[in-house]
C-alpha cells in the first residue's frame, strides 16, 4: 500500500469519488467538491492510500480588516477507522499547518468539543495551545 499526503488541486475533485466510508460526515456532493476546490482560499489536505482518500483536513485561509496576517481556520479532520491510531491525523494536521505557513498565515485555529478525546489529544500533540476561556458555539439554521 502506498500512502500519499498532499493538498488536492482545483482540478482534482474526481479523487473524492473514492473515499473511505467514514472520512467525511456525509457523502461527497460532486458539484460542491468542485466549487470548494475552485476557491483558492479553500484547502483540502488528503491522505491517499492506493488512490482512495483515507484521511482529510479541510481548512480555509482568510483575511480580516483588523489582522495583519491571514489566518487559517481548520474546519474538520477525518481519518478512516481502518487508518486510525497510526499517526495519520497528526501527519495530515502538520501538512495543513505547513500549508498555512506557506500562505503567510500568522495563526491557525480549530474548535472541538471538550468531550472529543481523540481530537483533544491530536491538537495538543500537534502543539496547539488550549485557550483559557470557555467558548460557546451558536448555530443559526439558515434554511
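Numbering (my numbering), first residue to last: 1 to 143. Cβ atoms here follow ideal geometry from the backbone N, Cα and C, with glycine treated the same way.
Bridge partners of residue i, per DSSP?
i           : result
residue 176 : No statement about residue 176 is possible, as the shown extent of the chain runs from 1 to 143 and does not include it.
residue 5   : 47
residue 77  : 57
residue 71  : 62 and 107
residue 42  : 60
Would you say residue i faces chain D, with C-beta separation under 8 Å as the test?
i          : result
residue 44 : Within the model displayed, chain D is absent; a lone protein chain is all it includes.
With burial defined as no fewer than 16 other Cβ atoms inside 10 Å of the residue's Cβ, what is the status of residue i: buried or exposed?
i           : result
residue 123 : buried
residue 8   : buried
residue 47  : buried
residue 88  : buried
residue 45  : buried
residue 107 : exposed
residue 41  : exposed
residue 72  : buried
residue 79  : buried
residue 63  : exposed
residue 53  : buried
residue 17  : exposed
residue 137 : exposed
residue 99  : buried
residue 68  : exposed
With a threshold of 7 Å, establish whether the CB of residue i neighbours any heavy atom of the ligand HEM.
i          : result
residue 73 : Ligands displayed in this structure: none; no statement on the ligand HEM is therefore possible.
Could you spell out the range, first to last residue, of the alpha helix (DSSP H) harbouring residue i?
i           : result
residue 122 : 117-125
residue 114 : Element bounds for residue 114: n/a, residue is neither H nor E.
Quick check on the DSSP output: what are the complete alpha helix (DSSP H) runs of length 4 or more inside the region 80-110, in order along the chain?
88-102
Count the CB pairs spanning the region 13-20 and the region 32-43 that are closer than 8 Å, and state whether there are at least three.
yes
Does the count of Cβ pairs from the region 51-60 and the region 91-100 closer than 8 Å reach three?
yes
Any 3 or more C-beta pairs closer than 8 Å across the region 80-91 and the region 109-126
yes
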